[in-house]
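Residue numbers (this note's numbering), protein chains in the order written: chain A, 97 to 458; chain B, 97 to 458. Cβ atoms here follow ideal geometry from the backbone N, Cα and C, with glycine treated the same way. Everything on this sheet refers to the single structure shown next.
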DNA sequence: TTGTACGCGTTATCAA
DNA sequence: TTGATAACGCGTACAA
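In structure tokens, the structure reads:
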């Protein structure tokens, strides 16, 4: 298995009978070269099995043809799926994806970002707006373009592609109010360092307050994003707040756990209690009862984030803020509250919209 | 926002009052430098916010501190989870993950591998043994170390970390034979370009044949890996082969689809029919009925693959073939066949092991 | 322990 | 359209 050392561009040039410069041009900008010489060079490339040396290229051209993406975790299917779409899109343009994850730890994220910046990524895709100050400092100092995704930074000046988590969550709450629910609980993922989770809780709270309902601290459970923790949270709700008729969950994983716990205790969903999710993962529609949730265009976010990055790298312009469409999907897990539990219904007074519900598309 | 240009190692050296070489050493091998000078250099680094230039480093040191991983798709949670673990492990050693996917298309994979090789990855992790010849050619020519995962290449000479899909699948079939099943169907993912799927089917077939049962071509359904396709495949089985009492599925996703279809038709699982999965994704244990399946140490594969790569890069030795433990998990979805369907039981003659079942751990 | 100087493989500038 | 040649930023023998 004596591997001869890999051939260099100089070898290609020699074999093709051209200068190094011409060989280089042929590969990076073929139109600058005569068709006949181009063929000679390409033939030499094929003959030698020449493979460009990325680092040398990056050093000389100051571009790595590499994009970084930093997400909380691939163990959440919405991020996995989105990254899948992103990688696919990047590959078609000859770009490669450098992936990092931090499991909801801002310091870890900071380190990951630093690592990717060192690797010389041409752009960086992040999730949400919550990041360590060091992250923004680093990116700014490096003059690196980045995109925040899954969220809208309407006040700020960051480039972003996403949607209003607050408005979407408010929409969910409105749906439940419409059905007649008055006693709510919220099961959320940890809101610290997670603007998406925080905004979703805020959206629900806004909408309830706008309709004269307070969300008491006991009615808000924060926990990890897992089916098991969803179950546990629901167990707490059933034990501590038995009057609850509507449980809004921060994502589908938690909602499925919540539904499982309820059903295993003989609490009918949606007969006794309504439960909502968020994300619309595959399972949400297949579960019994199927889950009322908010559908997110997961793959689209990955693909479009890639496209925005590429456009900016090529010197193009993109709108600073781009919104993707999200959609309330009403399925089996929500229904009017049981008669016994219904508050005196204020006939003819449908729920009022909260601030957050202005955008129709959410 | 006038960003001053990023500072270089020369700047650090100047500010610290040392030579370029000393500055370099301080960063790459601190022990080679006096503590006092080290401090001066690090102070300069901090003051200037110096960030090493990865490409220049890679060019000079001929190492990129980067590992490539190429998988079929992140849309399968076992791959997502495994990659998550791998990235995590690599990050702790200062390595970065370059990710590619090919969606079960060998030519696409070939292109992705080429892209990663160009980027100068220090090592490459692949899935399975089925790869385009060009892939092996490229890797060999580049002298790049690689690991095949999720599989064992016992005959070949590739480094690999995985398990025998054949033996594991045979184990599943044996379990069903033990229960008394005689009429089988298999729902598999596409076996073309997918040695894992192929081996699983082969394992079942081996075991059946060893017990005098043929798996007819009609009783083997190949389809896409999705719940929907699992449903469809099960619909076919129920319609075309109503005598079937045991359905072995290529993975849990397919099995869940199969169970859904059966239940929606009022076919009791496991009362009328037993169904098995493979992988043991979270859902398998939470579904009702919970799924009999094979548990794979998904995160462990990712983590250990990373460790093997790192060891080899540092010049260490690893066993060419390493096996991970997989385990049959018997749950609710399997039971003896209904009495009416049972063949005349050969009392006192338990099922015979097939070749594939030699390894006890599968 | 530190410094000097060369090389890593390519791109890009400038002339020809 | 092509060719010579100077960067690109850092690692590392080798010498001091």
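- Contact annotation for residue 214 of chain A against chain B: 147, 148 and 150 [CB-CB distance below 7 Å, chain order].
- Per DSSP, reduced to three states, the secondary structure at residue 302 of chain A is helical.
- When C-alpha distances from residue 420 of chain B are compared across B:198, B:435, B:242 and B:256, the shortest belongs to B:256.
- No Cβ-Cβ contact shorter than 9 Å links residue 247 of chain B with residue 219 of chain B.
- Interface with chain A (9 Å Cβ-Cβ cutoff): residue 356 of chain B is included.
- The CB of residue 380 of chain A never comes closer than 9 Å to any CB in chain B; the least such distance is about 12 Å.
- Judged by their CB atoms, residue 388 of chain A and residue 268 of chain A are nearer to each other than the 9 Å cut-off.
- The Cβ of residue 401 of chain A sits no closer than 9 Å to any Cβ of chain B.
- Counting the other CB atoms within 10 Å of its CB gives residue 360 of chain B a total below 16, which places it among the exposed residues.
- Between residue 390 of chain A and residue 177 of chain A, the C-beta spacing is not below 9 Å.
- In this chain, residue 169 of chain B is not harboured by any beta strand (DSSP E), its DSSP state being neither H nor E.
- Think of a sphere of 8 Å around the beta carbon of residue 179 of chain A: the chain B residues whose beta carbon falls inside it are 170 and 195, in chain order.
- For residue 377 of chain A, there is no enclosing beta strand (DSSP E), since its DSSP letter is neither H nor E.
- Here the alpha carbon of residue 313 of chain A sits roughly 17 Å from the alpha carbon of residue 306 of chain A.
- Under the DSSP definition of a beta bridge, residue 390 of chain A partners with A:424.
- In the three-state reduction of the DSSP assignment, residue 253 of chain B falls in the coil class, being assigned neither a helical nor a strand state.
- Distance from the CA of residue 285 of chain B to the CA of residue 166 of chain B, rounded to the nearest whole angstrom, comes to 19 Å.
- Nearest in C-alpha terms to residue 382 of chain A, of all of B:414, B:324, B:107 and B:333, is B:324.
- Proximity of the segment 407 to 415 of chain A to the segment 264 to 278 of chain A falls short of the contact definition, fewer than three beta-carbon pairs being nearer than 8 Å.
- Here the alpha carbon of residue 180 of chain B sits roughly 23 Å from the alpha carbon of residue 293 of chain B.
- Its chain contains 181, 182, 184 and 185 as the residues whose beta carbon lies nearer than 8 Å to that of residue 399 of chain A, once the 5 sequence neighbours on both sides are disregarded; these appear in chain order.
- Residue-level contact by beta carbon fails for residue 366 of chain A and chain B, as no gap is shorter than 9 Å.
- The alpha-carbon separation between residue 326 of chain B and residue 333 of chain B amounts to approximately 11 Å.
- Residue environment for residue 115 of chain B: exposed (fewer than 16 other C-beta atoms within 10 angstroms of its C-beta).
- Proximity to residue 168 of chain A across A:215, A:222, A:142 and A:122 peaks at A:222, based on C-alpha coordinates.
- Residue contact with chain A for residue 314 of chain B: absent (no Cβ-Cβ distance below 9 Å to any residue of chain A).
- In terms of Cβ geometry, residue 320 of chain B and residue 150 of chain A do not form a close pair [threshold 9 Å].
- For the 9 Å CB-CB criterion, residue 289 of chain A and residue 372 of chain A do not form a contact.
- Cβ atoms of residue 137 of chain A and residue 112 of chain A come within 8 Å of each other, at about 5 Å.
- Assigned with DSSP and collapsed to three states, residue 272 of chain A falls in helix.
- Under the 9 Å criterion on CB atoms, residue 155 of chain A is classed as interfacial with respect to chain B.
- A Cβ-Cβ distance of about 7 Å is found for the pair residue 353 of chain A and residue 330 of chain A, placing them in contact under the 8 Å criterion.
- Nearest neighbour of residue 142 of chain A by Cα position, chosen from A:102, A:243 and A:125, turns out to be A:102.
- Cβ proximity to chain A below 9 Å picks out 233, 234, 236, 237, 238 and 239 from the segment 231 to 245 of chain B.
- Around the CB of residue 229 of chain A, fewer than 16 other CB atoms lie within 10 Å, so the residue is classed as exposed.
- Within 10 angstroms of the beta-carbon of residue 251 of chain A lie fewer than 16 other beta-carbons, which makes it exposed.
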